[in-house]
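*Asks:*
There are 2 protein chains.
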Amino acid sequence: MFSKSQIKLIKSLSQKKYRARHGLFVIEGKKGIFELLSSPLELHSLFTAEDIFDAAEEKTYLITEGDLKKVSNQQSPQTALAIFHIPEVVQPKAEGLQVALDDVQDPGNLGTIIRLCDWFGVEDLICSQGTVDCYNPKVVQATMGSISRVKVHYLDLAEYLRELPKERPVYGTFLEGKNVYREPISPEGVVVLGNEGNGISPEVEQLITQKLNIPQFGKAMTESLNVATAAAIFLSEFSRRKPTGK
Amino acid sequence: MFSKSQIKLIKSLSQKKYRARHGLFVIEGKKGIFELLSSPLELHSLFTAEDIFDAAEEKTYLITEGDLKKVSNQQSPQTALAIFHIPEVVQPKAEGLQVALDDVQDPGNLGTIIRLCDWFGVEDLICSQGTVDCYNPKVVQATMGSISRVKVHYLDLAEYLRELPKERPVYGTFLEGKNVYREPISPEGVVVLGNEGNGISPEVEQLITQKLNIPQFGKAMTESLNVATAAAIFLSEFSRRKPTGK
Chain A
1 MFSKSQIKLI KSLSQKKYRA RHGLFVIEGK KGIFELLSSP LELHSLFTAE DIFDAAEEKT
61 YLITEGDLKK VSNQQSPQTA LAIFHIPEVV QPKAEGLQVA LDDVQDPGNL GTIIRLCDWF
121 GVEDLICSQG TVDCYNPKVV QATMGSISRV KVHYLDLAEY LRELPKERPV YGTFLEGKNV
181 YREPISPEGV VVLGNEGNGI SPEVEQLITQ KLNIPQFGKA MTESLNVATA AAIFLSEFSR
241 RKPTGK
Chain B
1 MFSKSQIKLI KSLSQKKYRA RHGLFVIEGK KGIFELLSSP LELHSLFTAE DIFDAAEEKT
61 YLITEGDLKK VSNQQSPQTA LAIFHIPEVV QPKAEGLQVA LDDVQDPGNL GTIIRLCDWF
121 GVEDLICSQG TVDCYNPKVV QATMGSISRV KVHYLDLAEY LRELPKERPV YGTFLEGKNV
181 YREPISPEGV VVLGNEGNGI SPEVEQLITQ KLNIPQFGKA MTESLNVATA AAIFLSEFSR
241 RKPTGK
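Each protein sequence line maps, in turn, to chains A and B. The numbers in the UniProt record's numbering rise by one with no breaks, and the one at position 7 of the first sequence is 7. The numbers in the UniProt record's numbering rise by one with no breaks, and the one at position 19 of the second sequence is 19.
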């Protein structure tokens, strides 16, 4: 059974301000917990209905599924919930392929993009301060464990881009951009993706050095691709041109 | 104000069996309704708090946002809701690039895939009988209007693939598949995508003529890509190689 203070802590961690205050976040589900336990992330506490984890005894609490239901954020019932410490991230190095998000709002989109970064070996994900928090429970869930391997940096995006070395290209997707399949692009650069409704903000747009576009092969009625979908296509396109591609 | 029978009808249409019985589905939100009104789909009735639509008067009902809240499936409040007739679809022709889904379960994934088909000019989406219904309100919402332009066919997927002309390639994604970026692939074929948890079923696997894989550029810890993300990368890869690509 959960103690009152444990319930209070878990519930509070669904809010960003409490995650920041405690430096903790919640993950639900066996699969994700296994992944995070085998990562460098530090466990705070583990609540489980099945004694199947190899975690420190003093941090493990056996509970029932019924207990879990009371604190769960999930629609489908889980048998385990864990609290991990939010890792500190150092300033991102300006190297390799990086992805930057300009106020992406949807937790599912951010989670999918983190998973994509992991798949395509993108180590640093740069987020504007207005981007949804990556330790939001819905984001954590959508990353399927990738949250432990991709470094997510929240910073002033325009300032970050302004201070990049001049030779480092900054790509962005625009309707008037050039065909991403035909343009020379370098996997040593930053790919900026914009907000779901408004795209890339004017301030950040000024810092884009190469405007790209995913050409539409259909009858050109759709307005735009979903941001996570666009991220998938960009990362695929940049990665396949890497000389080191498997 | 809604009549009692209208409320009953709208609520019933959140269930597949009533959508099938009435041949109707619901869409919420101005943007989607505008798109569907300008499509060949036939309007059944329109409920709106703003008199901004160019629809037949006898099918239009002015309501308040409060009325709408009572019947809405949406988390964020909308100002309009419409009911459309489900169109009849004819047997798909075996030509061009087609996408087939083997028991995709998540409404958001199906909606995103329909939107992708629209973007990449894929006219026919073939779904196994176990795939989530495309007129599910969450799917309709995620398609952002593309539901009116892509023909979605529900049929026995194995039987459909078995009866294709022999020269038509059937692609599927498998861990042991060959690098999609390097294999010769033809945009005259079928791309099969599997269920979120179990992938492509053994029966369908036997009918795949070319096994493909999206290579992982990261440290190979992630298990797989989300099915909608994989669809985005496959469609991008097949489309960019089309001789007619813009």
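Every residue, glycine too, gets a C-beta built ideally from N, C-alpha and C. Bear in mind the structure is a predicted one, so any value in this text is a computation, not a measurement.
#1: Do residue 47 of chain B and residue 61 of chain B have their C-beta atoms within less than 8 Å of each other?
#2: Quick check on residue 175 of chain B - is its C-beta less than 8 Å from some C-beta in chain A?
#3: Since residue 103 of chain B and residue 16 of chain B should fall inside the 8 Å C-beta cutoff, what is the C-beta to C-beta distance between them, to a whole number of angstroms?
#4: Can you tell me where the beta strand (DSSP E) holding residue 234 of chain B begins and where it ends?
#5: Report the rounded CA-to-CA distance for residue 137 of chain B versus residue 127 of chain B, giving the unit in angstroms.
#6: When the cut-off is 8 Å and only beta carbons count, does residue 218 of chain A lie next to chain B?
#7: Within the continuous alpha helix (DSSP H) that includes residue 100 of chain A, where are the two ends?
#8: What are the residues that DSSP puts in a beta bridge with residue 210 of chain A?
#9: Determine the contact status of residue 193 of chain A and residue 209 of chain A, defining contact as a CB-CB distance below 8 Å.
#10: What do you get for residue 88 of chain A, buried or exposed, if any count of 16 or more other CB atoms within 10 angstroms of its CB means buried?
#11: Strictly below 9 Å CB to CB, what residues from chain A border residue 120 of chain B?
#12: In chain B, what lies closer than 8 Å to residue 233 of chain A by C-beta?
#13: Give the list of continuous alpha helix (DSSP H) stretches no shorter than 4 residues that lie fully inside the region 95-142 of chain A.
#14: Kindly say whether residue 108 of chain A, judged by its beta-carbon, lies nearer than 8 Å to any beta-carbon of chain B.
#15: Please confirm whether residue 112 of chain A has its beta-carbon closer than 8 Å to some beta-carbon of chain C.
#16: Who does residue 27 of chain A pair with in a DSSP beta bridge?
#17: May I ask you to report which of helix, strand or coil DSSP gives residue 71 of chain B?
#18: Going along the chain, which residues of its own chain have a beta-carbon closer than 8 Å to the beta-carbon of residue 50 of chain B, five neighbours each way excluded?
#19: Out of B:185, B:3, B:101 and B:214, state which residue places its alpha-carbon closest to the alpha-carbon of residue 198 of chain B.
#20: Contact check, residue 211 of chain B vs residue 177 of chain B under 8 Å by CB: the rounded distance?
#21: Less than 8 Å between CB atoms is the rule here; does residue 80 of chain B satisfy it with respect to chain A?
#22: Are there 16 or more other CB atoms within 10 angstroms of the CB of residue 20 of chain B, so buried, or fewer, so exposed?
#23: Determine contact between the region 150-163 of chain B and the region 118-125 of chain B, defined as no fewer than three beta-carbon pairs at a distance below 8 Å.
#24: With a 10 Å radius around its C-beta and 16 neighbouring C-beta atoms as the bar for buried, classify residue 90 of chain A as buried or exposed.
#25: Helix, strand or coil: how does DSSP classify residue 176 of chain B here?
#26: Which chain A residues sit within Cβ distance under 7 Å of residue 93 of chain B?
#27: Is residue 213 of chain B closer than 8 Å to residue 179 of chain B when the C-beta atoms are compared?
#28: Any Cβ of chain B within less than 8 Å of the Cβ of residue 30 of chain A?
#29: Reducing DSSP to helix, strand and coil, say where residue 217 of chain A ends up.
#30: Quick check: what's the CA-CA separation for residue 245 of chain A versus residue 182 of chain A?
#31: Kindly list the residues whose CB is nearer than 6 Å to the CB of residue 161 of chain A, restricted to its own chain and excluding five residues on each side of it in sequence; keep chain order.
#32: Which whole-angstrom value describes the C-beta separation of residue 148 of chain B and residue 41 of chain B, a residue pair presumed to lie in contact below a C-beta threshold of 8 Å?
#33: Cα-Cα, which of B:94, B:53, B:9 and B:39 is closest to residue 22 of chain B?
#34: Under three-state DSSP, which class holds residue 15 of chain A?
*Replies:* Reading off the structure:
#1: Position 47 of the second sequence, counting from 1, holds the residue named residue 47 of chain B. Position 61 of the second sequence, counting from 1, holds the residue named residue 61 of chain B. Yes, the Cβ-Cβ distance between residue 47 of chain B and residue 61 of chain B is below 8 Å.
#2: Residue numbering aside, residue 175 of chain B sits at position 175 when the second sequence is read from its first letter. Chain A contact via Cβ: absent.
#3: By 1-based counting over the second sequence, the position of residue 103 of chain B is 103. By 1-based counting over the second sequence, the position of residue 16 of chain B is 16. Their Cβ separation, rounded to whole angstroms, is 15 Å, which puts residue 103 of chain B and residue 16 of chain B out of contact at 8 Å.
#4: Within the second sequence, the letter at position 234 stands for residue 234 of chain B. Residue 234 of chain B -> not in any beta strand (DSSP E); alpha helix (DSSP H) instead, spanning 227-240.
#5: Counting from one through the second sequence, the residue named residue 137 of chain B turns up at place 137. Counting from one through the second sequence, the residue named residue 127 of chain B turns up at place 127. Roughly 17 Å separates the two Cα atoms.
#6: Within the first sequence, the letter at position 218 stands for residue 218 of chain A. Yes, residue 218 of chain A counts as interfacial toward chain B.
#7: In the first sequence, counting from the first residue as 1, residue 100 of chain A sits at position 100. Unbroken run through residue 100 of chain A is the beta strand (DSSP E), 98-102; no alpha helix (DSSP H).
#8: The residue you call residue 210 of chain A lines up with position 210 of the first sequence. Beta-bridge pairing links residue 210 of chain A to A:171.
#9: By one-based count along the first sequence, residue 193 of chain A stands at place 193. By one-based count along the first sequence, residue 209 of chain A stands at place 209. No. Outside cutoff.
#10: Position 88 of the first sequence holds residue 88 of chain A. Its Cβ having fewer than 16 others within 10 Å, residue 88 of chain A is exposed.
#11: As a working note, residue 120 of chain B is residue 120 in the second sequence. In chain order: 216, 217 and 218.
#12: Along the first sequence, read from residue 1 onward, the residue named residue 233 of chain A stands at position 233. Correct list: 232, 233 and 236.
#13: Secondary structure in the region 95-142 of chain A: the alpha helix (DSSP H) runs of 4 residues or longer, each lying completely within the stretch, are 107-119 in chain order.
#14: On the first sequence, residue 108 of chain A is found 108 positions in, with the first residue counted as 1. Interface with chain B (8 Å Cβ-Cβ cutoff): residue 108 of chain A is included.
#15: Absent from the structure: chain C. Protein chains present are A and B.
#16: The sequence position of residue 27 of chain A within the first sequence is 27, counting from 1. For residue 27 of chain A, which the question treats as bridged, DSSP gives the partners A:82.
#17: The residue you call residue 71 of chain B lines up with position 71 of the second sequence. Here residue 71 of chain B sits in helix by DSSP.
#18: Numbered from 1 along the second sequence, position 50 holds the residue referred to as residue 50 of chain B. Here the set comprises 30, 79 and 80.
#19: Translated into the one-based positions of the second sequence, residue 198 of chain B becomes position 198. Residue B:101 is the option with its Cα nearest to residue 198 of chain B.
#20: Taking the second sequence and counting its residues from 1, the one referred to as residue 211 of chain B is at position 211. Taking the second sequence and counting its residues from 1, the one referred to as residue 177 of chain B is at position 177. The Cβ separation is near 4 Å, so the contact holds.
#21: The residue labelled residue 80 of chain B in the question sits at position 80 within the second sequence. By this cut-off, residue 80 of chain B is not an interface position.
#22: For this step, residue 20 of chain B is matched to residue 20 along the second sequence. Result: exposed.
#23: yes
#24: Start at 1 with the first residue of the first sequence, and residue 90 of chain A comes out as number 90. Residue 90 of chain A counts as exposed, since fewer than 16 other beta carbons sit within 10 angstroms of its beta carbon.
#25: Taking the second sequence and counting its residues from 1, the one referred to as residue 176 of chain B is at position 176. Of the three classes helix, strand and coil, the one that applies to residue 176 of chain B here is strand, per DSSP.
#26: Here residue 93 of chain B refers to the residue found at position 93 of the second sequence. Near residue 93 of chain B there are no residues of chain A at all, since even the closest Cβ is about 17 Å away, more than 7 Å.
#27: As a first step, residue 179 of chain B is located in the second sequence; it is residue number 179 there, counting from the start. As a first step, residue 213 of chain B is located in the second sequence; it is residue number 213 there, counting from the start. Against a cut-off of 8 Å, the Cβ pair of residue 213 of chain B and residue 179 of chain B comes out as a contact.
#28: For the purposes of this step, residue 30 of chain A is taken as residue 30 along the first sequence, with counting starting at 1. Closer than 8 Å to the CB of residue 30 of chain A there is not a single CB belonging to chain B.
#29: For this step, residue 217 of chain A is matched to residue 217 along the first sequence. Residue state, collapsed to three classes: coil.
#30: Position 245 of the first sequence, counted from the start, is the residue given in the question as residue 245 of chain A. Position 182 of the first sequence, counted from the start, is the residue given in the question as residue 182 of chain A. Confidence at residue 245 of chain A is low in this model, with a pLDDT of 42, below 50, so the placement of that residue should be treated as unreliable; the coordinate-derived value is given next. Distance between the alpha carbons of residue 245 of chain A and residue 182 of chain A: 19 Å.
#31: As a position in the first sequence, residue 161 of chain A is number 161, starting the count at 1. Result list for residue 161 of chain A: 170 and 207, in chain order.
#32: Counting from one through the second sequence, the residue named residue 148 of chain B turns up at place 148. Counting from one through the second sequence, the residue named residue 41 of chain B turns up at place 41. That pair is a contact at about 5 Å.
#33: For this step, residue 22 of chain B is matched to residue 22 along the second sequence. Nearest C-alpha to residue 22 of chain B: B:9.
#34: Position 15 of the first sequence, counted from the first residue, corresponds to residue 15 of chain A. Three-state DSSP puts residue 15 of chain A in coil, outside helix and strand.
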